[in-house]
Amino acid sequence: MNGTVPTGPGTPSRPGSTGPGSTSSGTTGPGTPTLRLQAPAPGWSIEADVVVVGSGVAGLTAALRCAAAGRRTVVVTKARLDDGSTRWAQGGIAAALGEGDTPEQHLADTLVAGAGLCDEAAVRTLVTEGPDAVRRLIATGARFDTEPGSDTMALTREGGHHRRRIAHAGGDATGAEISRALVDAVRTQGLRTVENALVLDLLTDADGRTAGVTLHVMGEGQHDGVGAVHAPAVVLATGGMGQVFAATTNPAVSTGDGVALALRAGAEVSDLEFVQFHPTVLYLGPDAEGQQPLISEAVRGEGAHLVDADGTRFMLGQHELAELAPRDIVAKAIMRRAHEQGTEHMYLDARHFGAAMWEQRFPTILAACRAHGIDPVTEPVPVAPAAHYASGGVRTDLYGRTTVPGLYACGEVACTGVHGANRLASNSLLEGLVFAERIADDITAAPARRPGPAVAPTAAPVPLLAPEARPVIQRTMSAGAGVLRSAASLSEAATALARLLRDAAGPAPADDAGPAPAPADGPKPAEPGVEAWEATNLLMVARVLVSSAMRREETRGCHWREDHADRDDAAWQRHFLVTHRPPHTLHSRTTDTAAFPATTAAPAPETEPNQ
């Protein structure tokens with residue numbers, strides 16, 4: 349293994365101790381080489397105290413809380429305010445709100461799902477602060493479903509939960525309701541927003557501190573083209589990276605932009621190998637690509653059965669919770685049964701619900717199935733796993749601070765340590781809510797200050813990939829780094845990714861991706877533009893994912909190595925902390941335990957290229 353550092357909770361006892369007004373530094377600083385995308389110089393700028401990138405539950409919660417404290421806050425979002433990943437969340441938000449439920453029970457279920465890699469301090473923060481955070485969300489205007497004829501919140505179960513603790517809205521439209529409430533609050537309070545804007549890179553000052561972001565606004569509006577928001581605090585809430593795979597539940601905008609930005613800025617990322625494949629995604633055929641319809645885990649929580657073509661319930665005897673086992677266990681069981689029977693999917697049978705229940709409890713899912721010619725009321729629904737959620741991301745502490753001073757991350761783009769090797773169902777909305785509040789508290793605990801002047805990057809711009817590289821990356825990742833992985837499949841993926849990089853930049857990287865492949869025709873460097881920037885971001889996160897998956901020679905959580913079928917706590921109950929160094933080198937160090945080290949005032953990293 350590469351260099352190690354002392355580990356532990358590593359989180360200051362009070363918020364604000366290393367916020368944007370302080371002087372302590374993280375792993376970056378003066379002279380740290382940074383990278384940026386090839387892009388035109390900014391033609392316009394905005395001054396702010398805080399810029400939040402993303403408009404899901406995490407981003408809007410952080411923005412509203414910062415603005416309420418009097419900070420000039422700007423929200424930047426890639427599409428419209430309500431078009432992020434949050435609105436697609438069906439099942440609900442998990443919190444110990446029901447009679448007899450406790451944060452300790454929620455913690456226990458989360459630790460089991462995380463397969464030994466959760467940071468317990470982060471999980472304890474989530475489950476203890478979660479119930480009040482949900483109540484504040486309700487006070488903001490979110491309306492959750494209640495029991496018939498009652499004001500009592502209706503709660504359901506999902507995979508890995510031993511109690512009914514999932515609050516939902518609109519039956520299966522929880523994310524849409526949360527998004528509606530937060531967007532309404534943002535508009536009511538008059539927060540400044542920049543929509544249809546792809547964030548490009550982090551701006552830093554001469555001391556290596558955050559000074560804002562560059563971004564490209566697409567289409568008409570107050571701003572157009574490349575510009576900048578100057579601010580001493582940047583909150584990344586950009587969502588996931590599901591579009592790195594050919595088939596995913598994520599919207600088209602989920603191209604890993606926040607993780608790629610952080611890597612170029614010198615921040616640490618962790619746990620990218622742990623991509624959760626949702627076990628029950630509507631199967632649309634072997635050639636289906638892009639965003640696929642999700643069949644919420646709540647359908648199983650209400651009593652649907654997983655069956656094979658013969659109608660046999662194959663989850664019985666696999667786990668004490670049967671169909672409600674943690675998602676990695678269910679996904680693996682589906683894949684095993686499919687391989688045994690020479691098919692590519694299984695079935696979800698909820699015909700016993702009846703038409704009324706389908707129409708009242710799961711109207712969104714019912715409509716999606718019927719739009720594809722399948723009626724769940726009268727027939728089993730074909731399902732198969734698809735890329736769903738990134739448990740890893742930009743590494744943070746308990747206040748969302750990354751290893752770059754002034755840069756924060758929350759929601760799916762972040763790696764707080766809550767999810768470990770496999771996210772517990774419906775913990776994602778809660779994580780975004782809780783840690784966004786903590787980020788805002790940390791930012792506003794320190795006096796507001798002006799950002800330092802941004803300095804030019806010290807390395808040449810990242811070479812851009814042509815837009816045609818995007819489907820190549822996606823198919824490569826699905827084939828080599830999907831639900832089932834092996835040294836051989838990952839090596840093939842690494843070689844293909846290295847070829848794409850070589851075609852754009854020349855020599856292959858000196859990391860786990862292996863030696864430079866032989867010359868071959870492929871996508872060539874592109875002109876700056878949204879599609880080229882997205883493809884370049886996808887390649888960057890794909891390389892880190894494959895590198896970490898190759899190195900983790902075990903099966904743990906949602907990382908399934910066919911050639912290393914067992915979990916190995918002695919060797920691998922730890923995290924990889926990965927940084928990107930110019931021009932194309934990945935450096936990785938390991939923690940000593942499942943707990944994360946501090947992100948601030950950290951010692952210089954003891955790193956060397958992966959061998």
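Each step along the sequence shown adds one to the number in this note's numbering, with nothing skipped, and position 241 is 589. C-beta: ideal position from N, C-alpha, C; glycine also. Keep in mind it's a predicted model, so treat the numbers as computed, not measured.
Cβ pair E650, A773 closer than 7 Å: The residue given as residue 650 occupies position 302 in the sequence shown. The residue given as residue 773 occupies position 425 in the sequence shown. Against a cut-off of 7 Å, the Cβ pair of A773 and E650 comes out as no contact.
Let me make sure I understand the geometry here. Which of V561, D553, S739 and R535 has the alpha-carbon closest to that of Q624? For this step, residue 624 is matched to residue 276 along the sequence shown. That would be S739, whose Cα lies nearest to the Cα of Q624.
Spatial neighbours of V592 within its chain, please: C-beta separation below 8 Å, excluding the five flanking residues on both sides. In the sequence shown, the residue the question calls residue 592 occupies position 244. Same-chain partners within the cutoff: T603, G604, A735, I821, Q822, M825, L886, V889, A890 and L893.
Identify which residue in R899, P496 and A487 has its Cα closest to the Cα of L838. For the purposes of this step, residue 838 is identified with residue 490 of the sequence shown, where counting begins at 1. Nearest of R899, P496 and A487 to L838, Cα basis: R899.
I'd like to check one pair, R612 with L383: are the Cβ atoms closer than 7 Å? Position 35 of the sequence shown, counting from 1, holds the residue named residue 383. Position 264 of the sequence shown, counting from 1, holds the residue named residue 612. For L383 and R612, yes; Cβs fall inside 7 Å.
Going by beta carbon distance, what residues of the same chain come within less than 6 Å of R420, once the five residues before and after it are set aside? Taking the first residue of the sequence shown as position 1, residue 420 is located at position 72. Excluding positions up to five away in sequence, the list reads A396 and D397.
Over what stretch of residues does the alpha helix (DSSP H) that includes R718 continue unbroken? Translated into the one-based positions of the sequence shown, residue 718 becomes position 370. Unbroken alpha helix (DSSP H) run through R718: P711 to A719.
Own chain, CB closer than 6 Å to R540, minus 5 neighbours either side, in chain order: Taking the first residue of the sequence shown as 1, we reach residue 540 at position 192. Apart from sequence neighbours up to five positions away, the residues of its chain that approach R540 with a beta-carbon distance below 6 Å are V422, ordered along the chain.
E343 by DSSP, collapsed to three states: which one? What is shown of the chain runs 349 to 959, which leaves residue 343 out entirely.
Here's a check: name, in chain order, each residue in its chain whose Cβ is nearer than 6 Å to the Cβ of D697, leaving out the five neighbours to either side. Taking the sequence shown and counting its residues from 1, one reaches residue 697 at position 349. Once the five neighbours on either side are set aside, the close Cβ partners of D697 are H653, V655 and P728.
E671 and R648 look like a contact to me (Cβ under 8 Å); what is the Cβ gap, rounded to whole Å? For the purposes of this step, residue 671 is identified with residue 323 of the sequence shown, where counting begins at 1. For the purposes of this step, residue 648 is identified with residue 300 of the sequence shown, where counting begins at 1. The pair is a contact, with the Cβ atoms about 5 Å apart (cut-off 8 Å).
Comparing C-alpha positions only, which one of A827, V761, V574 and D851 sits nearest to A841? To locate residue 841, count along the sequence shown from 1; it is residue 493. Ranking A827, V761, V574 and D851 by Cα distance to A841 puts A827 first.
Going straight from the alpha carbon of T628 to that of A673, what length do you get? Here residue 628 refers to the residue found at position 280 of the sequence shown. Here residue 673 refers to the residue found at position 325 of the sequence shown. Looking at the two C-alpha atoms, the distance is approximately 13 Å.
Reference A521; option with closest CA among M694, P711 and A703: Within the sequence shown, numbered from 1, the residue matching residue 521 stands at position 173. Out of M694, P711 and A703, P711 has the C-alpha closest to the C-alpha of A521.
Give a yes or no on whether the C-beta atoms belonging to V401 and L584 are separated by under 7 Å. The residue given as residue 401 occupies position 53 in the sequence shown. The residue given as residue 584 occupies position 236 in the sequence shown. Result yes, Cβ atoms of V401 and L584 sit closer than 7 Å.
Does DSSP put T421 in a helix, in a strand, or in coil? The count along the sequence shown starts at 1 and reaches residue 421 at position 73. Residue state, collapsed to three classes: strand.
Could you tell me the distance, in whole angstroms, from the CA atom of G800 to the CA atom of R922? Along the sequence shown, one-based indexing puts residue 800 at 452. Along the sequence shown, one-based indexing puts residue 922 at 574. Cα-Cα distance, rounded: 37 Å.
Along the chain, which unbroken stretches of the alpha helix (DSSP H) at least 4 residues long are found entirely within the segment 521-567? 522-537
For A762, tell me which candidate among L530, G587, P876 and V471 has the shortest Cα-Cα distance. Within the sequence shown, numbered from 1, the residue matching residue 762 stands at position 414. The option with the nearest alpha carbon to A762 is G587.
DSSP three-state label for Q624, please. As a first step, residue 624 is located in the sequence shown; it is residue number 276 there, counting from the start. Strand at Q624.
Neighbourhood of P809 by C-beta distance below 7 Å, restricted to the same chain and skipping five residues each side: Stepping through the sequence shown from its first residue, residue 809 is reached at position 461. So the qualifying residues of the chain are R384, L385 and Q386.
Coarse secondary structure for S644, derived from DSSP in three states: Here residue 644 refers to the residue found at position 296 when the sequence shown is read from its first residue. In the structure shown, S644 sits in coil (DSSP, three-state: anything other than H, G, I, E or B).
Nearest by alpha-carbon distance to T476: which of A490, G462 and Q453 is it? The residue labelled residue 476 in the question sits at position 128 within the sequence shown. T476 has its Cα closest to that of Q453, out of A490, G462 and Q453.
Out of D549, R915, A594 and A732, point me to the one whose CA is closest to V678's CA. Walking along the sequence shown from the start, residue 678 turns up at place 330. It is A732.
My output table needs one value for S403: the three-state DSSP class, helix, strand or coil. Residue mapping note: residue 403 aligns to position 55 of the sequence shown, counting from 1. Of the three classes helix, strand and coil, the one that applies to S403 here is coil, per DSSP.
Using a Cβ-Cβ cut-off of 6 Å (strictly less than) and excluding sequence neighbours within five positions of R904, which residues of its own chain qualify? Position 556 of the sequence shown, counted from the start, is the residue given in the question as residue 904. Taken in chain order, the residues that qualify are A463, A769 and R915.
Counting beta carbon pairs with one atom in the segment 516-532 and one in the segment 426-439, are three or more of them shorter than 8 Å? yes
Closest Cα partner of D917 within the set G830, A942, L548 and V725: Walking along the sequence shown from the start, residue 917 turns up at place 569. The shortest CA-to-CA distance from D917 to any of G830, A942, L548 and V725 is the one to A942.
So what's P865 in DSSP terms, helix, strand or just coil? Taking the sequence shown and counting its residues from 1, one reaches residue 865 at position 517. Any reading at P865 needs caution, since the residue's pLDDT is 47, under 50, leaving its predicted position unreliable; the model's value is listed next. Coil.
Could you tell me whether the segment 701-718 touches the segment 552-569, where touching means 3 or more Cβ pairs closer than 8 Å? no
Exposed or buried, R850, counting other C-beta atoms within 10 Å across all chains shown (16 or more means buried)? Sequence index remark: in the sequence shown, residue 850 carries index 502 (1-based). By the neighbour-count rule (16 or more Cβ atoms within 10 Å), R850 is buried.
What's the gap between the Cα of T960 and the Cα of E816? Any answer about residue 960 is impossible in this case: the structure gives the chain only from 349 up to 959.
A802 to T927 span [Cα, whole Å]: Position 454 of the sequence shown, counting from 1, holds the residue named residue 802. Position 579 of the sequence shown, counting from 1, holds the residue named residue 927. Whole-angstrom Cα-Cα distance: 22 Å.
Own chain, CB closer than 8 Å to A919, minus 5 neighbours either side, in chain order: Mapped onto the sequence shown, residue 919 falls at position 571. Cβ within range, chain order: E901 and E902.
What does DSSP give as the partner residue(s) for Q708 in the beta ladder? For this step, residue 708 is matched to residue 360 along the sequence shown. None, per the DSSP bridge assignment.
Would you call L408 buried or exposed, if buried means 16 or more other Cβ atoms sit within 10 Å of its Cβ? Position 60 of the sequence shown, counting from 1, holds the residue named residue 408. Result: buried.
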